[in-house]
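**Student:** One structure follows; several queries about it will come next.
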Amino acid sequence: MPSFSLAIFDYDGTLADSFPWFCSVLNQTARQFGFREVVEDEIDDLRAAGTREIVARLGVPMWRMPAIAMHMRKLSAESCDAVALFPGVEPMLASLVASDIKIAIVSSNGEDTIRHTLGPAAAHVSHFRCGASLWGKSAKFKAVIKSLGVDQRRTIAIGDEVRDVEAARAAGIAAGAVTFGYNTGAALRALGPDLVFDDYADLVAKLTA
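Here's what the structure looks like:
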């Protein structure tokens, strides 16, 4: 029996290779909402920073964050064909399900957008909890665990950002981090997540061991 019975995945940067698209719309969003534009040579520095640091460095107005998030979801829905899954997502999810690990997706992105990009891989997902939340990602994790009736001690949340690790810890569940998404592997490893995955083969091996 594997150590985990539920794996809760983030979407952008964890299952979907959306970082290039995000960079392509960031400065247009900055002009619309009144924060500093990003120059190309500072992108790597921002990938090493946490969300709060990025918000501070770019001067993002906190009171506009809900509107910015809504705007980004709208752009994502309009550009869903421009974003693809990372290679190997479908067989990775299938392998976990075959090992009796349920799959959930928690994301601020829209469920329709996520299902469109997942395509047939969506059949492996037992639960979606998507869109904005007043209470943050950790509350969504707890809601998924309650809805699926699983043991939080056998639940892991897998994401690609510093805030994903922080949310998992706030929910009292294991934190897993992939190193090929938005935040750098070094930034994620510095937080000491329970498991770190450099690719999907590594993820399957560690979750099904």
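In our numbering, the protein residues as written are 340 to 548.
Glycine included, each C-beta is placed from N, C-alpha and C at the ideal position.
1) Measuring alpha carbon to alpha carbon, tell me which of LYS481, SER418 and ALA388 ends up nearest SER363.
2) Using the beta-carbon count (16 or more within 10 Å), is PRO459 buried or exposed?
3) Identify whether LEU534 lies in helix, strand or coil by the three-state DSSP scheme.
4) Which residues in the same chain as TYR558 place their Cβ atom closer than 6 Å to its Cβ, once the five residues preceding and following it in sequence are excluded?
5) Would PHE343 and THR494 be called neighbours here (beta carbons separated by less than 8 Å)?
6) If you draw a straight line from the C-alpha of SER438 to the C-alpha of THR547, how long is it?
7) Rounded to the nearest angstrom, how far is the Cβ of PHE282 from that of ILE407, given a contact under 8 Å?
8) To the nearest whole angstrom, what separates the beta carbons of ILE497 and TYR350, a pair I think is in contact under 8 Å?
9) Considering only C-alpha positions, which residue in the set LEU530, ALA516, ALA529 and ARG528 is nearest to LYS545?
10) Following the continuous alpha helix (DSSP H) through GLY456, name the residue where it begins and the one where it ends.
11) Taking the CB atoms as reference points, tell me whether LEU354 and PHE467 lie closer together than 8 Å.
12) Could you tell me the distance, in whole angstroms, from the CA atom of VAL422 to the CA atom of THR452?
13) To which residues does DSSP link ARG468 through a beta bridge?
14) Just reading off the beta strand (DSSP E) that ALA496 is part of, what are its end residues?
15) Tell me the residue span of the alpha helix (DSSP H) that contains LEU345.
16) For ASN531, which of SER434, VAL504, LEU457 and PRO359 has the nearest alpha-carbon?
17) What are the complete alpha helix (DSSP H) segments, minimum 4 residues, inside the stretch 413 to 438?
18) What is the DSSP secondary structure of VAL517, reduced to helix, strand or coil?
19) Candidates GLU429, LEU435 and SER357: which alpha carbon is nearest ARG412's?
20) Taking PRO359 as part of the alpha helix (DSSP H), name the residues at either end of that continuous run.
**Tutor:** According to the structure shown:
1) The shortest C-alpha separation from SER363 is found at SER418.
2) Classification of PRO459: exposed, given that the 10 Å Cβ count is below 16.
3) strand
4) This structure cannot settle anything about residue 558, because the visible part of the chain is limited to 340 through 548.
5) Closer than 8 Å, so yes.
6) Rounded to whole angstroms, SER438 and THR547 show a C-alpha spacing of 7 Å.
7) Residue 282 cannot be examined here, being either before or after the span of the chain that is shown, 340 to 548.
8) Wrong, their Cβ atoms sit about 11 Å apart, outside the cutoff.
9) ALA516
10) Reading off the sequence shown, one finds Thr at residue 456, where the question assumed Gly. It spans 450 to 457 - the alpha helix (DSSP H) in which THR456 sits, taken as one unbroken run.
11) No. Outside cutoff.
12) 10 Å
13) VAL445
14) 494 to 498
15) Looking at the DSSP string, LEU345 is not in any alpha helix (DSSP H); the run it does join, the beta strand (DSSP E), is 345 to 348.
16) Position check: residue 531 holds Gly in this sequence, whereas Asn was assumed. Among SER434, VAL504, LEU457 and PRO359, the Cα nearest to that of GLY531 belongs to VAL504.
17) 428 to 437
18) strand
19) Closest option to ARG412, Cα to Cα, is SER357.
20) 358 to 372
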